[in-house]
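Number of protein chains: 4
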Amino acid sequence: MEGNLNNDPAGVEGCAVPVRVKKKAKADSSVIDVSGIPVGTGALTIIAGPCAVESYEQLLETAKAVKNAGGVILRGGAFKPRSSPYNFQGLGEAGIKMLADVSKQTGLPFVTEVMDTRMVEFVAGYADMLQVGSRNMHNYPLLIEVGKTRKPVLLKRGMMATIEEFLLSAEYILNQGNENVVLCERGIRTFETTTRNTLDLSAVPMLKHLTHLPVIVDPSHGTGHRWMVPSMAKASVAAGADGLIMEIHYKPEEALCDGHQSLSPDEFSLLMTDLKKVAKAIGRDLL
Amino acid sequence: MEGNLNNDPAGVEGCAVPVRVKKKAKADSSVIDVSGIPVGTGALTIIAGPCAVESYEQLLETAKAVKNAGGVILRGGAFKPRSSPYNFQGLGEAGIKMLADVSKQTGLPFVTEVMDTRMVEFVAGYADMLQVGSRNMHNYPLLIEVGKTRKPVLLKRGMMATIEEFLLSAEYILNQGNENVVLCERGIRTFETTTRNTLDLSAVPMLKHLTHLPVIVDPSHGTGHRWMVPSMAKASVAAGADGLIMEIHYKPEEALCDGHQSLSPDEFSLLMTDLKKVAKAIGRDLL
Amino acid sequence: MEGNLNNDPAGVEGCAVPVRVKKKAKADSSVIDVSGIPVGTGALTIIAGPCAVESYEQLLETAKAVKNAGGVILRGGAFKPRSSPYNFQGLGEAGIKMLADVSKQTGLPFVTEVMDTRMVEFVAGYADMLQVGSRNMHNYPLLIEVGKTRKPVLLKRGMMATIEEFLLSAEYILNQGNENVVLCERGIRTFETTTRNTLDLSAVPMLKHLTHLPVIVDPSHGTGHRWMVPSMAKASVAAGADGLIMEIHYKPEEALCDGHQSLSPDEFSLLMTDLKKVAKAIGRDLL
Amino acid sequence: MEGNLNNDPAGVEGCAVPVRVKKKAKADSSVIDVSGIPVGTGALTIIAGPCAVESYEQLLETAKAVKNAGGVILRGGAFKPRSSPYNFQGLGEAGIKMLADVSKQTGLPFVTEVMDTRMVEFVAGYADMLQVGSRNMHNYPLLIEVGKTRKPVLLKRGMMATIEEFLLSAEYILNQGNENVVLCERGIRTFETTTRNTLDLSAVPMLKHLTHLPVIVDPSHGTGHRWMVPSMAKASVAAGADGLIMEIHYKPEEALCDGHQSLSPDEFSLLMTDLKKVAKAIGRDLL
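Keeping their order, the protein sequence lines are chains A, B, C and D. Going by the numbering used here, the first residue of the first sequence is number 15, and it counts up by one from there. Going by the numbering used here, the first residue of the second sequence is number 15, and it counts up by one from there. Going by the numbering used here, the first residue of the third sequence is number 15, and it counts up by one from there. Going by the numbering used here, the first residue of the fourth sequence is number 15, and it counts up by one from there.
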């Protein structure tokens, strides 16, 4: 590693942690404010919503279910990065506006993905938090552009990114003056094929050890199976995550994407009860 | 896949589960008896002890610490598979006899690794449970040999073994008539280098979904860092593991191997209290 | 895989090849024209130049060396995707203009990377071929934008992209009407650490089997070691690649990036002689 | 790494090369004698034969085809390591005796796999070269046992083994006094699924750089596709391998295992002609 990096002997061998994301002391941890909802206080922040915005009804009904069960931030994709050009690509700008509407109606701030430097200003005009997805963790012009806003950024780990590269990508954002970054472990690519990705929960204590930034987990993309989400969500809380982001759909079987990994409102509600118990067992709570 | 394999549509796409390890119904789960200590009842079985047997004093003091804190099975290596021929290879037969002595003194049954088909009979004459380590998960003559005994077998996942291969290796043992197999997730090899391996906790719900065999986790080898063990042990319990196997050393800083990932007696004792809380939060308990 | 994909039984199990990149018959192969230099005719196209444009002198001297040794396209980065925000990021627009100047002086067409949708029009105004780098293989807005130009595109495989994802990313470009795509294997990320990446040469025959697009190899990034480049370049030719892209620097020991994997002019010249022999041994030649 | 290892600054960063396998000078390279057939002289040693011995007729006819085309060592498995206990496990001792018979008839020395420490003496009584397979590269008691013989050993890289671990496993054998070790790259496990493994050809120049031991390649297991074998065999030669080991079957469509990756006699014969040309292009030849 070249440049302005400190390799703290109190860190981890072989991982240079850049200066702005680096933890300065054991208790050093940042709290990120998402339009009034904090991430990183110790109480867990639960983010939920559909993979993609499909229609006003779908979004509103799902958002109500999220709120009823105790979710505090709404997620939903309007610009969708899809491996195939022939798959549903999202509703685009219309989807962003639906998210803003439903957010106002329900009182839930929302996070949504931005994939193109040209769209950052537009999306930042509506969203409470900008997501940089896994496929764009190495997209440095995009990191710089979201770094120029002062919006909170949800930065997902690239499916092929080391912990060191993940922290360097966060550093790109902080280096532009935007310190409102939340890191998200969402599974890495390995040889194993029974799960969509391999959820690397050890990244939670590792990142909490190295950086002051909050760390959340996405057990939906991490596993790719609806029935695995509750186990891995509970495990994420026990591992010390500051929050979770999960896919919920009011009718999972009709979802245009990722229905197989989306919880129904009832499943989500049940899970929230269980998560509260696990949080309390480790001396924490849900927000 | 050739041969006598059923691919259950209620299983997981792309994974053929062999007949003897395959779960027959949702509630189908085996309990393995290790000289009176059950694995798989719902209550968690905690296995702990040193990486390697180094001396009688080291083993006895560590075993007492394990017992005092609530551990129910002792672990300890006498035959050590080491990457380098110049590393400490274990005390061999003398180590096995020390384990048997300390086991008698403390009342803790013990599990120890066997690496060579020629040693199975000897080790099985002393040990309460035989461990087949990660590096030998694909050693079929060894699997057949431990399958011919009726001793419980702790089968560790190969560091680059798929879930399907892991189940096929268990099938080798059951196919010899020995149904007393406990599976152990201990981390897989990925591109990430800050941890020794990547602990694949999603393997826990996946294996519980596919097989009736109990599943435990080794957070010591899975992470390679002592300070990560508590987080990942709690996460393993929350994910639904039937038990844990952990490295404890009465003086970690003096350990001949793996001291950096071994807990001290005090750390282990503290962790046991925390594990009990997490277990209760998900409606379970420690044994 | 959803949508408009054909899974040819004459293809490869488990890999759906999208329609526009799909090979229609055994002899079906496209030739891409890069300002008069063809890629895919059977004769090998050698692309070479510095990792990054550093100065006019460095670029001109290196380009002359490339030409003298028989290279037919110049490479050079002006916009550099760097893991750390504190590393040299390239000369930007000034670098693009230097490339255009040196290209005119030497008569070598040039290929250079574009990372940002906002810069595609500018770069396409100068470059003979646009490179989409490994880190942007999943950057769909960028793929669409280069697809809207009619410039040849050098698409590098993502460092953890499957063959299927690689082909789907190419399909994004063709789907916009730009059929001038050359695929480049440049190494994938694995657990092995002695090399920068693991150069997957089996991707060459696999891609030639599945798609009509030309396939070239980058042995410089694929290995990360100057002394390995000749062996792997020769192996790439023997494996059936349609060309090579290599890093050459007139003074490797003074390079601002990737000097350790750049050949000197003399090493490159020597290698070209050897490559010609290997090409002839398999019934081909260099351009 | 502990112990008796030298990390040569002329080696590769991050890889400690153990003393007995370590290259002492640029020209330092061992020649291994396999009952009169050398490996490592510069001229390439071609080893070929069926995946498994199935019958006397199959073995004899295949061996004749190997010899006619210029192969100099016969391969064939009698003890087969199979992922599933329900797959064909080989003919065992009877297979070893068939190999010895056919070897005598054709004059081709033979190499065959040994998987069990208890069988080393028996197999060494017949075979000209002992193979330690990929799944047993970490089987240290087996390495020690073959190290106690003076038979040449063909050591295959574990599918999950780093270059450093591969060299350490070879060191186990040399450390017992048996210096007759040939290393074999046969593909590593990655995320890619269109090939059976990812053949890591960069291992060839890397190993030749670090060790004096000869290095050969197995393009049959490395790819898992018959139609890819010729390309990757030629690439292996161009990369600098000291030989090849390939699966040939007199009737591939009837093979009991690995028929899809076995060449027919005609395909093998054609390939040998091509390999000779590539070898000459790099200043070498076939034996």
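C-beta: ideal position from N, C-alpha, C; glycine also. As the structure is a prediction and not an experimental result, all values here were calculated from the model.
Open item on the list: I'd like to know if Glu179/C contacts chain A, where contact means its C-beta is closer than 8 Å to some C-beta of that chain.
Closed with: For Glu179/C, the answer is yes, since a Cβ of chain A falls inside 8 Å of its Cβ.
Task: Local Cβ density within 10 Å of Glu267/D, reported as buried at 16 or more and exposed below that - done: exposed
Task: Glu75/B versus Arg132/B: straight-line alpha-carbon distance, rounded - done: 31 Å
Open item on the list: Taking the straight line between their C-alpha atoms, what separation do you get for Met173/B and Glu135/C?
Closed with: 48 Å
Open item on the list: Does the contact criterion of 3 or more C-beta pairs under 8 Å hold for the segment 204-218 of chain C versus the segment 71-89 of chain C?
Closed with: no
Task: Helix, strand or coil at Leu284/A according to DSSP, with G and I counted as helix - done: Residue state, collapsed to three classes: helix.
Task: Boundaries of the alpha helix (DSSP H) in which Thr120/B is found, first to last residue - done: Glu107 to Thr120
Task: Beta-carbon contacts of Lys248/C that lie in its chain and below 7 Å, excluding the five residues immediately before and after - done: Asp288, Leu289 and Val292
Task: Assigned exposure category for Gly121/D - 16 Cβ within 10 Å defines buried - done: Label assigned to Gly121/D: exposed.
- [ ] Please confirm whether Pro123/A and Ser49/A have their CB atoms less than 8 Å apart.
- [x] yes
- [ ] Report the neighbours of Met173/D on chain B: residues whose CB is nearer than 7 Å to its CB, in chain order.
- [x] Neighbours of Met173/D on chain B, chain order: Met174.
- [ ] Step through the CB atoms of chain C and report whether any lies within less than 8 Å of the CB of Val292/D.
- [x] Interface residue, yes.
TODO: Using a cut-off of 7 Å between C-beta atoms, extract the partners of Phe205/D located in chain C.
DONE: Met174 and Thr176
- [ ] Return the CA-CA distance between Ala295/B and Pro244/A, expressed in angstroms with no decimal places.
- [x] 14 Å
Open item on the list: Less than 6 Å between C-beta atoms, sequence neighbours within five positions excluded: which residues of the same chain meet that for Tyr140/A?
Closed with: Ile110 and Ala114
Task: Opposing strand residues paired with Gln145/B [DSSP bridges] - done: Glu127/B and Leu168/B
Open item on the list: According to DSSP, is Leu221/A part of a helix, a strand, or is it coil?
Closed with: helix
- [ ] List the residues of chain B whose Cβ lies closer than 7 Å to the Cβ of His152/D, in chain order.
- [x] Counting only Cβ-Cβ distances below 7 Å, His152/D has contacts in chain B at Pro95 and Arg149, in chain order.
- [ ] Over the uninterrupted beta strand (DSSP E) stretch that includes Glu267/B, give me the two end residues.
- [x] Element bounds for Glu267/B: n/a, residue is neither H nor E.
- [ ] Specify the secondary structure class of Met260/C as computed by DSSP and reduced to three states.
- [x] Looking at Met260/C - three-state DSSP - the assignment turns out to be strand.
- [ ] Starting from the Cα of Leu285/D, find the closest Cα among Met242/D, Val146/D and Gly191/D and give me that residue.
- [x] Met242/D
- [ ] Flag this pair as touching only if the segment 140-154 of chain B and the segment 57-68 of chain D have three or more C-beta atom pairs under 8 Å; answer yes or no.
- [x] Segments in contact, no.
TODO: Give the C-beta separation of Asn153/A and Asn153/C to the nearest angstrom, bearing in mind that I take them to be a contact with Cβ-Cβ under 8 Å.
DONE: 6 Å
Open item on the list: With a threshold of 7 Å on Cβ separation, who are the neighbours of Ala79/B within its own chain once the five nearest residues in sequence on each side are excluded?
Closed with: Ile262, Tyr264, Pro279 and Phe282
Open item on the list: Whole angstroms are fine: how far does the CA of Leu215/D sit from the CA of Lys13/D?
Closed with: The question about residue 13/D has no answer, for chain D in this structure spans 15 to 301.
Open item on the list: Any beta carbon of chain D sitting closer than 8 Å to that of Asn211/B?
Closed with: no
- [ ] Measuring only between beta-carbons, confirm whether Ala253/A sits less than 8 Å from chain F.
- [x] Checking the listed chains, one finds no chain F in this structure; the protein chains it contains are A, B, C and D.
Open item on the list: Please report whether the beta-carbon of Asp142/C lies at a distance below 8 Å from any beta-carbon of chain D.
Closed with: no
TODO: Taking only runs that begin and end inside the segment 31-59 of chain B, name each unbroken beta strand (DSSP E) of 3 or more residues, in chain order.
DONE: 46-48 and 51-53
Open item on the list: If I follow the unbroken alpha helix (DSSP H) through Leu181/B, where does it start and stop?
Closed with: Here the alpha helix (DSSP H) through Leu181/B covers Ile177 to Leu188.
- [ ] Run down chain A in chain order and give the residues with a C-beta less than 8 Å from the C-beta of Ile296/B.
- [x] The answer, in chain order, is Lys248, Asp288, Lys291 and Val292.
Open item on the list: Counting C-beta neighbours from all protein chains within 10 Å, is the total for Gly28/A 16 or more, i.e. buried, or is it exposed?
Closed with: exposed
Task: Reference Asn189/C; option with closest CA among Met151/A, Val160/A, Gly106/A and Pro99/A - done: Pro99/A
Open item on the list: Within 8 Å of any Cβ in chain B, is that where the Cβ of Thr131/D sits?
Closed with: Contacts with chain B at 8 Å (Cβ-Cβ) include Thr131/D.
Open item on the list: At the 8 Å Cβ level, is Asn194/C part of the contact set with chain A, yes or no?
Closed with: no
TODO: From the DSSP output, in three-state form, read off Leu197/C for me.
DONE: strand
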